[in-house]
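So the structure is just underneath, and the comments pick up after that.
2 protein chains.
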Amino acid sequence: MEHVYSPKENFKEISRKTGKACVCFNLRKTARLLSQIYDQALKPAELKGTQFSLLMAVAGQDNTSIGKLAQPLGMDRSTLSRNAKILEKKGLLTIEEGEDRRRQSIKLTEKGTSVLRRALPLWEGVQESLAREMGEERLKTLLKDLQSLSQWLKSDF
Amino acid sequence: MEHVYSPKENFKEISRKTGKACVCFNLRKTARLLSQIYDQALKPAELKGTQFSLLMAVAGQDNTSIGKLAQPLGMDRSTLSRNAKILEKKGLLTIEEGEDRRRQSIKLTEKGTSVLRRALPLWEGVQESLAREMGEERLKTLLKDLQSLSQWLKSDF
DNA sequence: AGCTAAAATGTGTATATACTTATATTAGAG
DNA sequence: CTCTAATATAAGTATATACACATTTTAGCT
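Just so you know, the sequences run in chain order A and B. Using this note's numbering, the first residue of the first sequence is number 12, and each one after it goes up by one. Using this note's numbering, the first residue of the second sequence is number 12, and each one after it goes up by one.
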């Protein structure tokens, strides 16, 4: 790969190439677009896609700490902390000091549970649309590739 | 798909399932992680991955407007406007009024060009690592699926 | 017990992102 | 030519995100 990138004119071509090939760009772009679809679909439950995911994660790990949650979400602790605070303000979860007073204990509230229950069928609706559009097979491949990629990113890099 | 989601206990199982299956969550998660890799790699050029992409887009479409740029990037105009302003402040591009004084004309500066030139081999380095790790084939499939998905999201939904 | 290192989180700051609303400018109907 | 509708963008607001640094609390060594 011994290119020489000099004259400004060449950038037109290079730009096209990087746009097509850049995994980061294409991943972010698709995530941007898809997030809007999920947000739209979840509107009746007054949740955004990201908030749905966070609530679900809390539901699955009831009563854990910020750090324990952040790990599998591949998210910085500070990010998680702030996102959680928004849901706390909405009354969907509680954040309290645990035994170890460094650790915060996060729990779903009743309201949080019922919001999740309302959101679930909405989420399934989008998922099914996607499956219909892409086909089960490709969807499965996509998910698998995303998961193995993020697995690798967390461990090796 | 006629589930009954009621008792709180079931949410543990549902949480696991949604976490595995949610395209939006997995896309965002991978994008988060991968963005950090690109940001890290581009540090010597003092660029973040997103800024690299934006600069490249400008290089490919020199002298267009915000709106024209936003379209293929799948990005809201207001987002693009703000992201561009940061690069303008760094002296990497200029934003000026065009003929039509509603339209802003965006151009790469000399400095912007030279920063891109410095960044390009860094970008290639990450790309090659990814290709080595995932294998050319899977990488190609991933890119193709992302692109057709975002294509669909922009048109149909 | 007392001090130091490790652990968990929060805060400050900066960027990325979209939606809604406001503003300015042009184009088009009459 | 004038008023109105369409176009392009900016600004206000809220969320999502990470990194560096500060704070608090626990654990472990001596």
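Using N, Cα and C, we set each Cβ at its ideal position, and we do this for glycine too.
Does Asn-94 of chain A get closer than 7 Å to chain B when you measure Cβ to Cβ?
no
Between A:Arg-27, A:Thr-61 and A:Glu-24, which has its C-alpha nearest Asn-37 of chain B's C-alpha?
Answer by Cα proximity: A:Thr-61.
Return the chain-ordered ranges of every alpha helix (DSSP H) run that is complete within the region 112-153 of chain B and spans a minimum of 4 residues.
121-145
For Leu-153 of chain B, decide whether its Cβ has a neighbour in chain A, counting only Cβ atoms nearer than 7 Å.
yes
In whole angstroms, give me the CA-to-CA distance for Leu-66 of chain B and Lys-40 of chain B.
24 Å
Taking all protein chains shown into account, do 16 or more other C-beta atoms lie within 10 angstroms of the C-beta of Gln-138 of chain B, making it buried, or fewer, making it exposed?
buried
Among B:Asp-156, B:Leu-91 and B:Glu-147, which residue has its Cα nearest to the Cα of Arg-149 of chain A?
B:Asp-156
Going along the chain, which residues of its own chain have a beta-carbon closer than 7 Å to the beta-carbon of Leu-98 of chain A, five neighbours each way excluded?
Gln-62, Leu-65, Leu-66 and Leu-104
Whose Cβ in chain A lies nearer than 7 Å to the Cβ of Gln-158 of chain B?
Asn-37
Within 7 Å of any Cβ in chain B, is that where the Cβ of Thr-120 of chain A sits?
no
Distance between Ala-32 of chain B and Arg-112 of chain A (C-alpha atoms, nearest Å)
35 Å
Does Gly-123 of chain A pass the burial test, meaning 16 or more other C-beta atoms within 10 Å, or should it be called exposed?
buried
With distances taken from CA atoms, which of B:Pro-132, B:Gln-162 and B:Asp-87 is nearest Met-145 of chain A?
B:Gln-162
Spell out whether any CB of chain A is found under 7 Å from the CB atom of Ser-125 of chain B.
no
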